[in-house]
Amino acid sequence: MDYVLKTNGLCKYYRQFKAINGLTMNVPKGAIYGFVGKNGAGKTTLIRLICGLQNPTSGEFELYGVKNNDKSISKSRRRMGAVVETPSIYLDMTAQDNLKQQYRFIGLPSFDGIQELLKLVGLENAGKKKARNFSLGMKQRLGIAVALCGNPDFLVLDEPINGLDPQGIIEIRELILKLNRERQITVLISSHILDELSKLATNYGFIDNGRIVREMSAEELEGACRKCLRINVSDAGALARVLDKMGIEYKILSGSIADVYGKPNITQLTLALAEEKCEVVSVEERDESLESFYINLVGGAKHE
Numbered sequence: 000m001d002y003v004l005k006t007n008g009l010c011k012y013y014r015q016f017k018a019i020n021g022l023t024m025n026v027p028k029g030a031i032y033g034f035v036g037k038n039g040a041g042k043t044t045l046i047r048l049i050c051g052l053q054n055p056t057s058g059e060f061e062l063y064g065v066k067n068n069d070k071s072i073s074k075s076r077r078r079m080g081a082v083v084e085t086p087s088i089y090l091d092m093t094a095q096d097n098l099k100q101q102y103r104f105i106g107l108p109s110f111d112g113i114q115e116l117l118k119l120v121g122l123e124n125a126g127k128k129k130a131r132n133f134s135l136g137m138k139q140r141l142g143i144a145v146a147l148c149g150n151p152d153f154l155v156l157d158e159p160i161n162g163l164d165p166q167g168i169i170e171i172r173e174l175i176l177k178l179n180r181e182r183q184i185t186v187l188i189s190s191h192i193l194d195e196l197s198k199l200a201t202n203y204g205f206i207d208n209g210r211i212v213r214e215m216s217a218e219e220l221e222g223a224c225r226k227c228l229r230i231n232v233s234d235a236g237a238l239a240r241v242l243d244k245m246g247i248e249y250k251i252l253s254g255s256i257a258d259v260y261g262k263p264n265i266t267q268l269t270l271a272l273a274e275e276k277c278e279v280v281s282v283e284e285r286d287e288s289l290e291s292f293y294i295n296l297v298g299g300a301k302h303e
């Protein structure tokens, strides 16, 4: 698999504070990578490091196979666009003038493509309106347009939906999906809003206290959070034998508890267990939310 970004034991310390502490992650090419963690977990620090705004204390990362201490890392960074913390826009300029300024800054020879960019982010009708009078969602979309100047194929967005109203969230979501599907842009999105990320992400990295506690695909996360019946019985071994005969998927959690997937006929299951001299103590329907999955994940990590 090709990776746009790889980090290996990356650390960033501020005196005694370990903002990033041995972080290892892998962002596949073509992915929408949901970088998930609570505020203060280290998401923005990691983004600042890969954008070259700060230097790591130790460890390393690679952009398109080029290591951060290689002289050619600046060329790899030209393939990146980023919105870090807040959009980098000039509030006293129009959307069009903001893009012209960015074109000048990165040394593009002409203003070709600016109208196409404005249309892409839904600001083609902003006209002479100054950015200071934009809604928060419009400012965010303009910030993304600025990041897209130079036609990058890796886009990094730091909490892009923070503070947006429902319509603004939908607009940003649709824009990110469009960039990924139509332009094949790999996207790294940091966020603590899991339910919204689940409508976008193809891959996830969960960060806590400056470390990645788990990486997984969207399919793996969906499987981990899917509906099941949690059955408490007197003998989980007997339950396993019965479920195997019935062809039902399950996961044994202890000597008496199992999660059973699908929709088994409870009456048939109870009768079959009775023949195995196994008593059903309780049956509970479970549907783990993404938030509770994350809490359990980082909660478990703290006790390892």
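Going by numbering that gives the first Met the number 0, the first residue of the sequence shown is number 0, and it counts up by one from there.
All C-beta atoms, glycine included, are put in the ideal place defined by N, C-alpha and C.
The model shown is predicted, which means the values in this text are computed figures rather than measured ones.
**Report entry** Unbroken beta strand (DSSP E) run spanning Pro27, endpoints
**Finding:** Unbroken beta strand (DSSP E) run through Pro27: Phe16 to Pro27.
**Report entry** Contact with chain B by Asp243, beta-carbon distance below 8 Å
**Finding:** Looking for chain B here will not work: only one protein chain is present.
Query - Minimum C-alpha distance to Ser291 - residue among Ser255, Glu248 and Leu193 - result: Leu193
Query raised in the report: Out of Lys276, Gln101 and Ile31, which has the shortest C-alpha to C-alpha gap to Asn202?
Result: Ile31
**Report entry** Where the alpha helix (DSSP H) containing Asp243 begins and where it ends
**Finding:** Ala235 to Met245
**Report entry** Delimiting residues of the alpha helix (DSSP H) encompassing Ala273
**Finding:** Annotation: the continuous alpha helix (DSSP H) that includes Ala273 extends over Ile265 to Glu274.
Query - In chain order, each beta strand (DSSP E) run of at least 3 residues that lies wholly inside the segment 187 to 231 - result: Here the runs fully enclosed are 202 to 207 and 210 to 216.
**Report entry** Residue of Val186, Asp234, Arg210 and Arg240 minimising C-alpha distance to Ser253
**Finding:** Asp234
Query raised in the report: Just how far apart, CA to CA, sit Ser308 and Val297?
Result: Any answer about residue 308 is impossible in this case: the structure gives the chain only from 0 up to 303.
Query raised in the report: When we look at the beta-carbon of Ile160 and count the other beta-carbons within 10 Å, is it buried (16 or more) or exposed?
Result: buried
**Report entry** Pairwise C-alpha distance: Thr93 and Ala146
**Finding:** Distance from the CA of Ala146 to the CA of Thr93, rounded to the nearest whole angstrom, comes to 16 Å.
Query raised in the report: What separation, rounded to the nearest whole angstrom, lies between the Cα atoms of Lys245 and Ile230?
Result: The amino acid occupying residue 245 in the given sequence is Met; Lys does not appear at that position. Distance between the alpha carbons of Met245 and Ile230: 16 Å.
Query raised in the report: Should Thr6 go down as buried or exposed, given a rule of 16 or more other Cβ atoms within 10 Å for buried?
Result: buried
Query - Ile206 and Lys42 closer than 8 Å at C-beta - result: Between Ile206 and Lys42, the gap from beta carbon to beta carbon is short of 8 Å.
Query raised in the report: Taking the Cβ atom as the reference point for each residue, do Gly29 and Thr185 lie within a distance shorter than 8 Å?
Result: Taking a C-beta distance under 8 Å as the contact criterion, Gly29 and Thr185 qualify as a contact pair.
Requested in this report: Identify, in the order they occur along the chain, each residue of the same chain with its Cβ nearer than 8 Å to the Cβ of Glu59, setting aside the five sequence neighbours on each side.
Outcome: Thr6, Asn7, Gly8, Leu9, Lys66, Asn67 and Asn68
Query raised in the report: Per DSSP, what kind of secondary structure is Phe322 in: helix, strand or coil?
Result: No answer is possible for residue 322: it lies beyond the span of the chain, which begins at 0 and ends at 303.
**Report entry** Reduced DSSP category for Gly136 - H, G, I as helix; E, B as strand; rest coil
**Finding:** helix
Query raised in the report: Which same chain residues, not among the five before or five after Glu315, have their C-beta less than 7 Å away from its C-beta?
Result: Residue 315 is absent from the structure shown; the chain starts at 0 and stops at 303.
Query raised in the report: For Glu84 versus Asp164, is the C-beta distance shorter than 8 Å?
Result: no
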